[in-house]
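Chemist: Take this structure first; my questions come after.
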Amino acid sequence: MSFLVLLLAVWVEKFSALRHRIQRDGGWVRELHKLESSTRMAPRPWLILTILVLLPVALLGLLLVVLEPVAYGLLALPVHLLVVIYSLGRGDLLAGLGPFRDAWRREDLQAAAHVAQRDLDIGADSGEQLLEKVQGHLLWEGYQSFFAVIFWYILLGPVAALSYRLLALAEEHGQNPAVVERAGQLRHAFDWVPVRLLAASFALVGNFVAVSRVMLHELLNWNISAAQLIEKVGLAAGEIPAPVAGPDGINSLDNLWELLLRAALLWYAGFALWTVLP
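Pasting the structure below:
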């Protein structure tokens, strides 16, 4: 059933607006801010995360325990699908990069800096640094929006996938530094294995030797963030040259996107084989 859910999730994401109707975080974020502003709860970040992360996933787990034995699990299928779609990343990554791509292609660095700050919340001191940060943004968003969620869904089911997204939301929208820090710590632990698995996938679909050089030093490094690691490995795997203005700089973004697509196909093929083999 898991493989069918993943196929349906991709279909819904590409050909339906259902994803945007499902991914509504306003109520959850309001509850987060309400608990963070409470004088009784604010000093207890772990309790806040327990209420807003552990409690929902526990309820989801209980619901699945009830539904799985019914009708050969068919009633659980829509729950799996809804949770996976909700757990995927927010927004349209390629559409969000559109204005930056247009400005960079025209070699209008001032406009590129403006739209990067407005649309991507990325600032830089120079054009070269700006493109490097956008490249890193593309790789990180591709990873955390899709690969991390798919990994945890395949491994532990919708409960783990939902846990990852709720921790990500707490880290991104939290206003209490203690809550943001604790959510970031837990998310770092969630990221440790899947980001390295994606790095290994990049080695298979990209420059194997260059990725191996990077991973030789970073494979067991607990302190490097997932965003830093996936940026270093992705740039090496895609053989991305030094940043330049104009169409060549846009080509580097296209190459990184193609790298992510090849890695996604590799993951789907591997999961399909795992599903059919005894």
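Sequential numbering of the sequence shown, starting at 0, is according to numbering that gives the first Met the number 0. Backbone N, C-alpha and C define an ideal beta-carbon position, used for all residues, glycine too.
(1) Is residue 64 helix, strand or coil by DSSP?
(2) Do residue 17 and residue 11 have their beta-carbon atoms positioned less than 8 Å apart in this structure?
(3) With a threshold of 16 other CB atoms inside 10 Å of the CB of residue 140, please say whether the residue is buried or exposed.
(4) Give the single residue among 182, 43 and 195 whose Cα lies nearest to the Cα of residue 262.
(5) Suppose you measure from the CA of residue 152 to the CA of residue 158; what does that come to, to the nearest Å?
(6) Helix, strand or coil: how does DSSP classify residue 183 here?
(7) Excluding the five sequence neighbours on either side, which residues of its own chain have a C-beta within less than 7 Å of the C-beta of residue 46, listed in chain order?
(8) Sort 173, 71, 21 and 38 by Cα distance to residue 86 and report the nearest one.
(9) Assuming residue 163 contacts residue 145 (C-beta within less than 8 Å), just tell me the rounded distance between them.
(10) Does the region 195-212 come close enough to the region 160-179 to have 3 or more Cβ pairs within less than 8 Å?
(11) Let's test the definition: count the other Cβ atoms within 10 Å of the Cβ of residue 174 and tell me whether it reaches 16, buried, or not, exposed.
(12) Ignore the nearest five residues each way along the sequence and tell me which others in residue 14's own chain have a CB closer than 6 Å to its CB.
Modeler: The answer reads as follows:
(1) helix
(2) yes
(3) buried
(4) 195
(5) 8 Å
(6) helix
(7) 40
(8) 21
(9) Not a contact, Cβ separation roughly 11 Å.
(10) no
(11) exposed
(12) none
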